[in-house]
Amino acid sequence: MNDQRVATLILAKTSLRLGDTLRGVLDFGHAALACYHVSISLETMETLAPGYARGNADQVRRLSRRSHAEWHSYCHQLSRQGFSLAIPPEQSPGFETNARK
Numbered sequence: 090m091n092d093q094r095v096a097t098l099i100l101a102k103t104s105l106r107l108g109d110t111l112r113g114v115l116d117f118g119h120a121a122l123a124c125y126h127v128s129i130s131l132e133t134m135e136t137l138a139p140g141y142a143r144g145n146a147d148q149v150r151r152l153s154r155r156s157h158a159e160w161h162s163y164c165h166q167l168s169r170q171g172f173s174l175a176i177p178p179e180q181s182p183g184f185e186t187n188a189r190k
């Protein structure tokens with residue numbers, strides 16, 4: 090909203106592996122705008138080469154996007170709020186083929 094700060098995101102670690110837990114804190118202390126609710130989701134998304142995708146771009150995006158963890162919190166009048174999201178151990182960390190990146 091007009092480039093005004095709502096919160097500062099502080100991550101416990103910036104490099105994570107499969108099976109780790111993403112931990113962090115949202116600091117609302119120096120916010121220019123009030124924040125009432127926060128939603129954070131951990132997602133993966135496949136990118137298909139244009140010649141291999143069937144359907145329109147919105148359909149492909151919906152089918153290739155997967156949510157693994159979600160966190161929601163009401164945070165009105167809080168100065169800080171911690172969160173954690175588990176990174177699934179069974180997911181592929183990444184691969185690339187001619188059709189999929």
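If you use the numbering used here, the sequence shown corresponds to residues 90 to 190, in order. Every residue, glycine too, gets a C-beta built ideally from N, C-alpha and C.
7 Å CB neighbourhood of residue i in its chain, flanking five on each side removed
i: A134; result: For the sequence presented, residue 134 should be read as Met rather than Ala. For M134, where only same-chain residues beyond five positions count, the Cβ hits under 7 Å are S153 and R154.
Separation of residue j from residue i, as counted between CA atoms
i: N91; j: S173; result: 28 Å
i: Q170; j: D116; result: 7 Å
Classification of residue i by the beta-carbon crowding that lies within 10 angstroms, buried from 16 upward
i: A123; result: exposed
i: A121; result: exposed
Whole-Å CB distance - residue i paired with residue j, under 8 Å assumed
i: V114; j: I129; result: About 12 Å; that fails the 8 Å criterion.
i: R112; j: A101; result: 4 Å
i: Q180; j: L107; result: 6 Å
Residues of its chain near residue i, where Cβ-Cβ distance is below 6 Å and the 5 sequence neighbours each way are ignored
i: L131; result: H157, A158 and L174
i: T97; result: D116
i: H126; result: Y163
Residue i: CB within 7 Å of a non-hydrogen atom of the ligand FMN
i: E159; result: The ligand FMN is absent from the structure shown, which contains no ligands of any kind.
Contact with chain C by residue i, beta-carbon distance below 8 Å
i: T110; result: Absent from the structure: chain C. Only one protein chain is present.
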